[in-house]
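Counting from 70, one number per residue, gives the positions in the sequence shown under our numbering.
Beta carbons are placed, not taken as given, at the ideal position from N, Cα and C, and that holds for glycine.
Following: one structure in structure tokens, then a few remarks.
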Amino acid sequence: MIQTPKLLADKVAVVTGSTKGIGFSISKEFAENNGATVIVCSRNEEQADRAIKQINGKVFAAALDVTDNSSVQKFMQQILSVHDRIDILVNNAGYPFDREIWYKRFHEVTDEEQEKIIEVDLKGSIRISKAVIRSMLQNVLNRNGGVIINISSTPAIAGHIEGSPYTIAKAGNIALTKCIAMEYGSSNIRAYTLALGNIATLATCGSMTEYDRAKAAAEPSMKRWGKPEEVAKVAACVASDNFSFATGNTIIIDGGTVLLG
Ligand SMILES: NC(=O)c1ccc[n+]([C@@H]2O[C@H](COP(=O)([O-])OP(=O)(O)OC[C@H]3O[C@@H](n4cnc5c(N)ncnc54)[C@H](OP(=O)(O)O)[C@@H]3O)[C@@H](O)[C@H]2O)c1
Numbered sequence: 070m071i072q073t074p075k076l077l078a079d080k081v082a083v084v085t086g087s088t089k090g091i092g093f094s095i096s097k098e099f100a101e102n103n104g105a106t107v108i109v110c111s112r113n114e115e116q117a118d119r120a121i122k123q124i125n126g127k128v129f130a131a132a133l134d135v136t137d138n139s140s141v142q143k144f145m146q147q148i149l150s151v152h153d154r155i156d157i158l159v160n161n162a163g164y165p166f167d168r169e170i171w172y173k174r175f176h177e178v179t180d181e182e183q184e185k186i187i188e189v190d191l192k193g194s195i196r197i198s199k200a201v202i203r204s205m206l207q208n209v210l211n212r213n214g215g216v217i218i219n220i221s222s223t224p225a226i227a228g229h230i231e232g233s234p235y236t237i238a239k240a241g242n243i244a245l246t247k248c249i250a251m252e253y254g255s256s257n258i259r260a261y262t263l264a265l266g267n268i269a270t271l272a273t274c275g276s277m278t279e280y281d282r283a284k285a286a287a288e289p290s291m292k293r294w295g296k297p298e299e300v301a302k303v304a305a306c307v308a309s310d311n312f313s314f315a316t317g318n319t320i321i322i323d324g325g326t327v328l329l330g
């Protein structure tokens, strides 16, 4: 029987914040179905250790706090000493859903609250992207450049009446994708934004009231929540060489809520 080559065979992928939710599904999809070597990251290494036991394939656990420069530096040294290179970075880490902040009006959000979210969702992605791009540029073995995927959200495109600190941080991610795509296209480093609608994870669907859950499900034309696995499958496609001449794009995964183009 002829075997189709796996989409991410021989690729080394780092997925930030990947012990649960969408990051975990992306790690599982990359490793189990697409042949990638995946570094599953958490601020707590034991949690990452537990997560990799639930994934078949080439998976490694590592500690990474994207808000901390020394953690990023230590992480890079550790990964590059074992795996030589990073081909794919998925900036998935996100500040936990916080009802207190989410339902505040824009003018009531404190500097500290805004900063907490920006620090993880935007500055965290910038911090680790810089470190990974440095290594992608240095690695002459890595002839295929690399891929950076930033996980954003549809409010960053269409606006939303709640969650302004989050929307602002996630809009920055779209700009980050474009900066990377423009500056490093000639080095064959590609970048994408995945702008997600309502995806059922413990952090979102799992922490909502029945009323809010039903309201969110009614938003898209598909009239349901998305599954983390549905995001993971798109991530595997854009990370693969099948997307070799597309970069800087925002791909909306929201069951048909925000229709552009
Ligand atoms: N679910 C949705 O409906 C939805 C919609 C749009 C966008 N998104 C985005 O998709 C991503 C994943 O969402 P999710 O629902 O799967 O959330 P989640 O289950 O809360 O996962 C977020 C992850 O971020 C990690 N994290 C938090 N602070 C971190 C830090 N300082 N450094 C490194 N990692 C950190 C956490 O890992 P540790 O605690 O293990 O460190 C956690 O596993 C987030 O960026 C979110 O904003 C989600």
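Closest by C-alpha distance to residue i, when choosing among the options
i	options	result
R104	S150, E184, I157	Sequence check: residue 104 is Gly here, not Arg. Here the closest residue by C-alpha is I157.
T262	D281, T73, R168, S194	S194
G228	R119, F175, A269, I91	F175
A315	S111, Y253, K239	Y253
L271	D118, F312, K80, K89	K89
A117	L206, G92, Y164	G92
V107	I320, N208, M291, I95	I95
V81	A305, V135, N242, P297	A305
L149	K122, K302, I202, I258	I202
E298	I322, A131, P289	I322
I226	I237, V216, I217, I218	I237
L77	K302, I320, T319	K302
G86	V327, V135, A283, T319	V135
R154	G214, N242, V178	G214
N161	A130, R168, M145, I217	I217
Cβ-based burial, residue i [other Cβ within 10 Å; buried from 16]
i	result
G295	buried
M20	Nothing can be reported for residue 20: it is not among the residues displayed for the chain, which extend from 70 to 330.
A287	exposed
M73	One detail in the question is off: residue 73 reads as Thr in this sequence, not Met. Answer is exposed; the Cβ neighbour count stays below 16.
N219	buried
P165	exposed
R259	buried
C248	exposed
K292	exposed
G241	buried
S139	exposed
heavy atom of ligand 1 below 7 Å from residue i C-beta
i	result
L158	no
V178	no
I268	yes
R112	yes
S34	Any property of residue 34 remains undetermined from this structure, which presents the chain solely from 70 to 330.
L265	yes
Y164	yes
G89	One detail in the question is off: residue 89 reads as Lys in this sequence, not Gly. Yes; taking the cut-off as 7 Å, the Cβ of K89 has a heavy atom of ligand 1 nearer than that.
Q147	no
V83	no
V201	no
L245	no
Heavy atom of ligand 2 within 7 Å of residue i beta-carbon
i	result
P74	In the structure on display, ligand 2 does not appear, and the ligands it does have are ligand 1.
Query raised in the report: Contact between the stretch 182–193 and the stretch 226–245: three or more CB pairs below 8 Å?
Result: yes
Query raised in the report: Any chance the stretch 92–104 sits against the stretch 123–132, with 3 or more Cβ pairs inside 8 Å?
Result: yes
Query raised in the report: Does the stretch 306–313 come close enough to the stretch 274–286 to have 3 or more Cβ pairs within less than 8 Å?
Result: no
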